[in-house]
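*Asks:*
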């Protein structure tokens with residue numbers, strides 16, 4: 005068989021990482037998971053595992069990071085008294101509907117790192133996570149920034165966004 009798309013369950017070691025990168029270099033679209041806190045952290049995690057930067061820069065086209073935050077309960081959320089007209093934040097109160105937690109369900113925070121020519125060069129040169137984040141800031145919203153959008157929409161609380169994001 006010659007699949008166009010390959011799914012690798014999880015990359016935890018160098019052998020799996022090398023197989024995934026090699027498959028991408030031979031024209032396959034490879035999806036996998038790597039446990040990291042940010043999209044740029046995935047690149048540095050693969051480098052730390054021992055994947056050569058020149059292979060990563062050639063084989064990775066994008067990285068999607070996600071974190072789950074608790075969704076504010078629609079029955080009891082209240083405007084945060086310290087929020088401004090511009091920053092309409094809500095706070096969790098707690099009621100019978102949410103078992104007095106102030107939250108009901110979860111929603112995802114996402115950041116998508118598109119591996120542009122600038123980022124490819126930085127990966128190839130062995131740049132660290134901080135430098136990659138600086139380059140990526142110009143092209144996508146971080147988990148923190150996406151979280152602030154959800155706060156402004158009344159979907160989650162500032163506390164939840166700060167709990168799961170590193171950009172605080």
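Residue numbers (this note's numbering): 5 to 172.
The C-beta atom is built at its ideal place from N, Cα and C for all residues, glycine as well.
In this text the structure is predicted, and so the values were computed from the model without any measurement.
According to DSSP, is residue 10 part of a helix, a strand, or is it coil?
*Replies:* Of the three classes helix, strand and coil, the one that applies to residue 10 here is strand, per DSSP.
*Asks:* Do residue 147 and residue 116 have their CB atoms nearer than 8 Å?
*Replies:* Going by C-beta atoms, residue 147 is not nearer than 8 Å to residue 116.
*Asks:* Which value, in whole angstroms, describes the spacing of the CA atoms of residue 79 and residue 154?
*Replies:* Distance between the alpha carbons of residue 79 and residue 154 is about 17 Å.
*Asks:* Which residues mark the beginning and the end of the alpha helix (DSSP H) in which residue 108 is found?
*Replies:* It is not in any alpha helix (DSSP H) - residue 108 instead sits in the beta strand (DSSP E) that spans 107-118.
*Asks:* With a cut-off of 8 Å on the beta carbons, I'd call residue 63 and residue 25 a contact; round off their distance for me.
*Replies:* Right, their Cβ atoms sit about 4 Å apart.
*Asks:* Grab the span of the beta strand (DSSP E) containing residue 36 for me, first residue to last.
*Replies:* Residue 36 -> beta strand (DSSP E) spans 33-36.
*Asks:* Examine the Cβ distances between the stretch 29-44 and the stretch 62-76 and report whether three or more of them are shorter than 8 Å.
*Replies:* With a cut-off of 8 Å, the stretch 62-76 and the stretch 29-44 count as touching, because enough Cβ pairs lie within range.
*Asks:* Rounded to whole angstroms, what's the CA-CA distance from residue 72 to residue 156? Just pull it up for me.
*Replies:* Between residue 72 and residue 156, the C-alpha separation is close to 17 Å.
*Asks:* In three-state DSSP terms, what is residue 70?
*Replies:* It is a strand residue.
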